[in-house]
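K.L.:
Numbered according to the UniProt record's numbering, the sequence shown terminates at residue 276, and the numbering increases by one at each position without gaps. Below is one structure. I have some questions about it.
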Amino acid sequence: MYCGCFCFPKQRPFISTATLTEFELETEREMSSSTATHAYGEPSYWDQRYSEDPGPFDWYQKYKTLAPLFDVYIRRSHHLLVVGCGNSTLGEELVSDGYLDVVNIDISSVVVEAMQKKHEDKPELKYIKMDVRDMSAFESSSFDAVIDKGTLDSLMCGQNAHHNTSKMLEEVGRILKDNGVYILITYGEPSYRLHLLKELQLWTINLHVIDRMEKNPEQRAWELTKPLPLSKDGNSIADIIGSNAEVHYIYVCIKDETLIRQANVNAKPEAEESRS
Ligand SMILES: C[S@@+](CC[C@H](N)C(=O)[O-])C[C@H]1O[C@@H](n2cnc3c(N)ncnc32)[C@H](O)[C@@H]1O
1 MYCGCFCFPK QRPFISTATL TEFELETERE MSSSTATHAY GEPSYWDQRY SEDPGPFDWY
61 QKYKTLAPLF DVYIRRSHHL LVVGCGNSTL GEELVSDGYL DVVNIDISSV VVEAMQKKHE
121 DKPELKYIKM DVRDMSAFES SSFDAVIDKG TLDSLMCGQN AHHNTSKMLE EVGRILKDNG
181 VYILITYGEP SYRLHLLKEL QLWTINLHVI DRMEKNPEQR AWELTKPLPL SKDGNSIADI
241 IGSNAEVHYI YVCIKDETLI RQANVNAKPE AEESRS
């Protein structure tokens, strides 16, 4: 099993390097160097990385492979937010494919300034320097979808990971409209992600999987647009796809205000009990 962040456990199962993606090879190289510990959680790490390597570079998956899934959950007219955009081409490809309103944020001023300059001619595409843990510049219930490719994962690699990821998810939940979607594309299997996503009692969750290596449609093991049956603890997924499956997980969290109201009602008697 893989660990919850980017890091490989010390005794990771053997996978032939021929089957690893560029990211995984890079991670392996970094993990075996002395500088890798917790670096992905630090803004200074990203500033330095983007100064040295302006990209473009896409983590995990590219727009082309994800587009059929986006078509299921988001509309061209939707107000979209890409969190931790880096120098990925996702934003510009969304716009080229007809999406009309794509806001991108990142904590690295180096990458945000570079992306602002690169795309200054595209009014549908905005880049803003912002910390995903504090998006107070955005109004509550203002976005139809939030797309996260590798950003929650990077916070999970840093210090105070639980605090930081909880803040991030609270903020994502706040800025989404009712029925808005948080699309989390991650390395993390359900045993490492589901409990975190469920803590907030904000959304219903669909889980999709996609092969880590791009394959021809006839060779694909999983149908991207069909969610897999997800048990409460998430164990159903390993039963279906096997442990150590070479996939990325895509958690589609659909905000549901009735769940939030229900959670508040359930919390009230407990609060009253503790006062009496
Ligand atoms: C693994 S990279 C993913 C980049 C891009 N989403 C992609 O798919 O290629 C993580 C990104 O999250 C950004 N990031 C890390 N912590 C952040 C935070 N607290 N707020 C906003 N962005 C953050 C980093 O600067 C980096 O660009």
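Note that the Cβ used here is the ideal one computed from N, Cα and C, for glycine as well. Keep in mind that this is a model prediction, so the values were computed, not measured.
Please classify residue 102: is it buried, with 16 or more other beta-carbons within 10 angstroms of its beta-carbon, or exposed?
P.N.:
Position 102 of the sequence shown, counting from 1, holds the residue named residue 102. Buried, because 16 or more other Cβ atoms sit within 10 Å of the Cβ of residue 102.
K.L.:
Between which residues of its own chain and residue 99 is the CB-CB distance below 8 Å, once the five residues before and five after are set aside?
P.N.:
Mapped onto the sequence shown, residue 99 falls at position 99. So the list reads 74, 76, 78, 80 and 124, once near-sequence residues are dropped.
K.L.:
How many Å lie between residue 250 and residue 121 at the Cα?
P.N.:
The sequence position of residue 250 within the sequence shown is 250, counting from 1. The sequence position of residue 121 within the sequence shown is 121, counting from 1. Their backbone Cα atoms lie some 31 Å apart in a straight line.
K.L.:
Rounded to whole angstroms, what is the Cα-Cα separation between residue 164 and residue 241?
P.N.:
As a working note, residue 164 is residue 164 in the sequence shown. As a working note, residue 241 is residue 241 in the sequence shown. Taking the straight line joining both Cα atoms gives about 30 Å.
K.L.:
Quick one: give me the first and last residue of the alpha helix (DSSP H) that residue 50 is part of.
P.N.:
Start at 1 with the first residue of the sequence shown, and residue 50 comes out as number 50. Where residue 50 is concerned, the enclosing alpha helix (DSSP H) stretches over 43-52.
K.L.:
Which whole-angstrom value is the C-beta distance of residue 134 and residue 171, which I expect to be below 8 Å?
P.N.:
In the sequence shown, counting from the first residue as 1, residue 134 sits at position 134. In the sequence shown, counting from the first residue as 1, residue 171 sits at position 171. Contact holds; Cβ gap of about 7 Å.
K.L.:
The beta strand (DSSP E) with residue 145 in it runs from where to where?
P.N.:
Within the sequence shown, the letter at position 145 stands for residue 145. Unbroken beta strand (DSSP E) run through residue 145: 143-149.
K.L.:
Hey, is residue 53 close to ligand 1, as in C-beta under 7 Å from one of its heavy atoms?
P.N.:
If you number the sequence shown from 1, residue 53 lands on position 53. No; taking the cut-off as 7 Å, the Cβ of residue 53 has no heavy atom of ligand 1 nearer than that.
K.L.:
Which complete beta strand (DSSP E) runs does the segment 78-143 hold, if anything under 3 residues is left out?
P.N.:
Listed in chain order, the complete beta strand (DSSP E) runs (minimum 3 residues) inside the segment 78-143 are 79-83, 101-106 and 125-129.
K.L.:
With burial defined as no fewer than 16 other Cβ atoms inside 10 Å of the residue's Cβ, what is the status of residue 186: buried or exposed?
P.N.:
Walking along the sequence shown from the start, residue 186 turns up at place 186. Under this definition residue 186 is a buried residue.
K.L.:
Residue 132: beta carbon under 7 Å from a heavy atom of ligand 1?
P.N.:
If you number the sequence shown from 1, residue 132 lands on position 132. Yes.
K.L.:
Is residue 143 near ligand 2, going by C-beta to nearest heavy atom under 7 Å?
P.N.:
Of the ligands this structure carries, namely ligand 1, none is ligand 2.
K.L.:
Give the DSSP-derived three-state secondary structure of residue 211 in the structure shown.
P.N.:
For the purposes of this step, residue 211 is taken as the residue at position 211 of the sequence shown. It is a strand residue.
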